[in-house]
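Visitor: Residue numbers (this note's numbering): 2 to 154. Just so you know, even glycine gets a beta-carbon here, dropped at the ideal spot from N, CA and C. Just so it is clear, the structure is predicted and the values come from calculations on it, not from any experiment. Quick one: this structure, given as structure tokens, is what I'll be asking you about.
Pasting the structure below:
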């Protein structure tokens, strides 16, 4: 049990707290859009790998965040568990000089599958949307949720 607990604790973000980083106060350049991906604790102990336009930008651990500056315009945002073929995909348009806050969380449906013994196993295998979802959050909500989160490493 102790080894299992140490494994789960090791999945938490361990970098600087959000408000101790320049991302909390530093303005984004006018020719870039800043995306802050963050994740609070949930039942899935695996890190959520994040990609933009097919390129991996990092992984968000429990109670963690990562930051990406992108060119303004339309982009494909995706989240997946490393080593699995299923991924959540969304498309968004970003404006230069703006910061966007994207919450990464476990998809609710994925929590229900294990509760349905035989059908649940089938659904896990056929569900191509992946373990995680990514959703745009209002700045006021995100800044409150980011308060105690740490940079994922």
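Alpha carbon to alpha carbon, what distance is there between residue 148 and residue 77?
Guide: One C-alpha to the other measures close to 27 Å.
Visitor: Whole angstroms are fine: how far does the CA of residue 41 sit from the CA of residue 146?
Guide: So the two alpha carbons sit approximately 8 Å from each other.
Visitor: On the DSSP bridge list, what partners appear for residue 61?
Guide: 49.
Visitor: Give me, in chain order, the residues of the same chain whose beta-carbon lies closer than 7 Å to that of residue 15; leave out the 5 immediate sequence neighbours on both sides.
Guide: The residues are 151 and 154.
Visitor: Is the distance from the Cβ of residue 71 to the Cβ of residue 39 below 9 Å?
Guide: Taking 9 Å as the Cβ cut-off, residue 71 and residue 39 do not qualify as a contacting pair.
Visitor: From this set, 27, 103, 88 and 118, which residue's C-alpha is nearest residue 142's C-alpha?
Guide: Taking only the C-alpha atoms, the option nearest residue 142 is 103.
Visitor: Can the beta-carbon of residue 144 be found less than 9 Å from the beta-carbon of residue 101?
Guide: Cβ distance not < 9 Å, so residue 144 and residue 101 don't count as in contact.
Visitor: Have a look at 30, 35 and 49 and flag the residue whose alpha-carbon is nearest the alpha-carbon of residue 106.
Guide: Comparing Cα positions, the closest option is 49.
Visitor: On a Cα-Cα basis, can you pick out the residue from 63, 47, 69 and 65 that is closest to residue 57?
Guide: Among 63, 47, 69 and 65, the Cα nearest to that of residue 57 belongs to 69.
Visitor: Which residues in the same chain have their Cβ closer than 6 Å to the Cβ of residue 75, if we skip the five residues on either side of it in sequence?
Guide: Only 94 meet the Cβ criterion.
Visitor: Output the boundary residues of the alpha helix (DSSP H) element that contains residue 144.
Guide: From DSSP, the alpha helix (DSSP H) with residue 144 extends over 140 to 147.
Visitor: So, residue 89 versus residue 135, is the Cβ gap smaller than 9 Å?
Guide: A contact, by the Cβ cut-off of 9 Å.
Visitor: What does the Cβ neighbour count give for residue 132, buried or exposed, with the cut at 16 atoms within 10 Å?
Guide: It is buried - the Cβ of residue 132 has at least 16 other Cβ atoms within 10 Å.
Visitor: For residue 68, which residues does DSSP report across the bridge?
Guide: Partner(s): 37.
Visitor: So, helix, strand or coil for residue 75, using DSSP?
Guide: Strand, per DSSP.
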